[in-house]
Each structure stands twice: as structure tokens, then as C-alpha cells.
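Undergrad: Mind looking over this structure? Questions follow.
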Amino acid sequence: MAVMASQVKNTLRVALLVCGTPIPPVAENFGEYPVIFKSLLAAGLDKLKQQGLAEPSSELTLEGFDVREDKYPERLADWDAILISGSASNAYDDFPWINKLVRYVQQLPRDKNAPKLVGICFGHQIIGRAYNARVSKSERGWELGWTSTQLTDPGSKFWQDSIMRIQELHQDVVHDVPQGFTLLASTAHTMNQSMISDDGKIVTLQGHPEFTGPIMKEFIQFRTANGTFSKELSDASMKVVDNPLDNVNAAARICLFALLA
1 MAVMASQVKN TLRVALLVCG TPIPPVAENF GEYPVIFKSL LAAGLDKLKQ QGLAEPSSEL
61 TLEGFDVRED KYPERLADWD AILISGSASN AYDDFPWINK LVRYVQQLPR DKNAPKLVGI
121 CFGHQIIGRA YNARVSKSER GWELGWTSTQ LTDPGSKFWQ DSIMRIQELH QDVVHDVPQG
181 FTLLASTAHT MNQSMISDDG KIVTLQGHPE FTGPIMKEFI QFRTANGTFS KELSDASMKV
241 VDNPLDNVNA AARICLFALL A
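If you're matching positions, the sequence shown starts at 1 in UniProt numbering and goes up one per residue.
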């Protein structure tokens, strides 16, 4: 069924659950994660306006809640979407703040006012863990930098493309697709790159649509200098770091997902 702008809410209200802090060069040059994600989603909303899928007067509001400091939205009804950010932490770690976040995700569907839920990288893995998928380090090591993900048929329908070109920065993976979810995208490195709940309330991405080429360069250089990445991996990633990305298209689909009732 075609979507009309009149069917879409006029204001997109996003609660960002902040699970990490950017490395210093990224924070200094591009801002903290609320700034980075707001820039991404604003571009996505603008694309929806250009496509006639959102009213020209549509607006975006985004507020960050640092869940590491036990900060969460007070009223679920105040939000159209909750977005769980990336993190340098492991989704499977037995830390109080991570365990509470997992329980929060598990309990959300029980609230009739629960907004849509979006998970990015660590957020994707947290949602996987919450729904009993196996989450651990990949035997293949890091998936780093510009990557072309292959979309499944449901993935092509949701993301409106046959591939998604996106920046990757992870060595933890969701090894399977939990019950009640459908796979949207895969790569040779990572089978579960994206999934959607069968009730249409949750969508996830392993990759980072919020990371542009310049942001990714900072991560590669910083973590190569501190010994996290090998020179071989770094060199290979830097060669393609400026390749075209589908970040704005991904952001537009996330915005539309959140705006539709």
C-alpha cells in the first residue's frame, strides 16, 4: 500500500539511549552521539519530504538518555521511537547497566504506549540478546569500514533497495535470527546484519548509518594507533572509506518506520 504524507505524523520524537562515548577526535570534530544521530535523522526526514512521504512542516526532536548513568525516558507516550546507540561495550557482558537495558527491551512490548524500537550496532546486539539470540565475538574478527550488505526480499522491501552500503565497526555479532523476527540483510562476515520483528515494532542494523566517511577515518586512525586494528586491516579499510554510502536512505526508512503508526 502506498504511503501518503497525510498518513505520517508531523513531528518525529526520538529518545536516544546513549550507550557509549565517541573517541575524542570524533567528539571534537563531529559532536557526541545525540548530535551525530540528530544530523543523520534530520537528513532522513528531509529525504522523506522530498519524496512526498512527509509534510514539508515535519520536524524532528531528539533527546539523549545515558543509560550507563541509569537515565531512561520517563513517559513512553512522549516518543515515536527509542533508538539504542552503538557502544565499545559488549552486549553480552554481565554489567548492571547492560543487564538493565536488556530487561528494558524485554519489557517494552508490555506497555501499550511503547514506541517503535531501533537498534544500531550494540543496540542490534542488545535486542538480539533480549530475544534469546546468541551474541558473542565473531570467529572472523573485525568487520571494519565500508561494506556492501545484501538485502533479503523482506529487506529490499523495508530498506527500499537491493543492497545497503554502510560503515561497519564491530567484532561482536548476533549469530542467529531470534524467534519472532525476520532477517533483512547479511554479509559474508555477519549473517544477521539487520532484522525486523514480525509485529513491525522493532528494527535493527549491525552497521552504522550515522558514520560518514570522515567519521570512519577518525575511528580507523585512532584505533590503529592504539593497536586495536592491524596495519593490514587499517590499510584495506582506508582504501574504501570514502566509497558512496546509503546512510541517508537508511535514515529515511528509519524515520518512516517511526512515523507510521
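Even glycine gets a Cβ: it sits at the ideal position worked out from N, Cα and C.
Computed from a predicted structure; not experimentally measured.
Here's a check: name, in chain order, each residue in its chain whose Cβ is nearer than 8 Å to the Cβ of residue 116, leaving out the five neighbours to either side.
TA: Counting only Cβ-Cβ distances below 8 Å, and skipping sequence neighbours, we find 80, 81, 82, 201, 202, 203, 257 and 258.
Undergrad: Do three or more CB pairs link the region 109-127 to the region 140-157 at distances below 8 Å?
TA: No, because fewer than three Cβ pairs between the region 109-127 and the region 140-157 fall closer than 8 Å, the two stretches do not touch.
Undergrad: Would you please state the rounded distance, in angstroms, between the beta carbons of residue 17 and residue 67? I believe it to be under 8 Å.
TA: Right, the Cβ-Cβ distance comes to about 5 Å (below 8 Å), so this counts as a contact.
Undergrad: Looking at residue 176 and the ligand COA, is the gap between the Cβ and the nearest heavy atom below 8 Å?
TA: Among the components modelled here there is no ligand, and therefore nothing to report on the ligand COA.
Undergrad: Rounded C-beta distance between residue 45 and residue 255? I'm assuming under 8 Å.
TA: Going by Cβ atoms, the distance from residue 45 to residue 255 rounds to 5 Å, so yes, they are a contact pair.
Undergrad: Just mark residue 93 as buried or exposed, buried being the case when its beta carbon has 16 or more other beta carbons within 10 Å.
TA: By the neighbour-count rule (16 or more Cβ atoms within 10 Å), residue 93 is not buried but exposed.
Undergrad: Assuming residue 192 and residue 176 make a contact with CB atoms under 8 Å, what is their CB distance in whole Å?
TA: Confirmed, Cβ separation roughly 7 Å.
Undergrad: Is the separation between the beta-carbon of residue 120 and that of residue 208 shorter than 9 Å?
TA: The answer is yes: Cβ separation under 9 Å.
Undergrad: Can you tell me whether residue 22 is buried or exposed, with buried defined as 16 or more other CB within 10 angstroms of its CB?
TA: Per the 10 Å Cβ criterion, buried.
Undergrad: Put residue 116 into one of helix, strand or coil per three-state DSSP.
TA: DSSP places residue 116 in strand when its eight states are reduced to three.
Undergrad: Could you check if residue 253 is buried or exposed, using at least 16 other CB atoms within 10 Å of its CB as the buried criterion?
TA: By the 10 Å Cβ count, residue 253 comes out buried.
Undergrad: Quick check: the region 23-32 against the region 209-226, are at least 3 beta-carbon pairs closer than 8 Å?
TA: These segments touch.
Undergrad: Mind checking whether residue 218 and residue 247 have CB atoms under 9 Å apart?
TA: Cβ distance not < 9 Å, so residue 218 and residue 247 don't count as in contact.
Undergrad: Using DSSP's beta-bridge definition, name the partner residues of residue 164.
TA: Paired residues: 149.
Undergrad: Let me check one thing: in DSSP terms, what residues is residue 13 bridge-paired to?
TA: In DSSP, residue 13 forms a bridge with 61.
Undergrad: To the nearest angstrom, how far is it from the Cα of residue 250 to the Cα of residue 226?
TA: Cα to Cα, the separation comes out at about 31 Å.
Undergrad: Please report the residue range of the alpha helix (DSSP H) in which residue 248 lies.
TA: Residues 247-259.
Undergrad: Who pairs with residue 182 in a beta bridge, going by DSSP?
TA: For residue 182, which the question treats as bridged, DSSP gives the partners 196.
Undergrad: Going by DSSP in three states, residue 202 sits in which element: helix, strand or coil?
TA: Strand, per DSSP.
Undergrad: Distance check for residue 159 and residue 198, CA to CA, integer angstroms please.
TA: The straight-line gap from Cα to Cα measures roughly 16 Å.
Undergrad: For residue 208, which three-state DSSP category applies?
TA: Note: residue 208 maps to strand in three-state DSSP.
Undergrad: Mind checking who residue 137 pairs with in its DSSP beta bridge?
TA: 172, per the DSSP bridge assignment.
Undergrad: For residue 1, I'd like the list of residues in its chain whose CB is within less than 6 Å of its CB, leaving aside the five on either flank, ordered along the chain.
TA: Low local confidence applies: a pLDDT of 38 at residue 1 is under 50, so the model's placement there is unreliable, and no value is given.
Undergrad: State the beta-bridge partners of residue 143 as determined by DSSP.
TA: In the DSSP output, where bridge partners are listed per residue, residue 143 has 170.
Undergrad: DSSP beta-bridge partners for residue 18?
TA: Residue 18 pairs with 66.
Undergrad: What does the Cβ neighbour count give for residue 319, buried or exposed, with the cut at 16 atoms within 10 Å?
TA: This structure does not reach residue 319, given that the chain is present from 1 up to 261, and the question cannot be answered.
Undergrad: Could you have a look at residue 84 and say whether DSSP puts it in helix, strand or coil?
TA: Here residue 84 sits in strand by DSSP.
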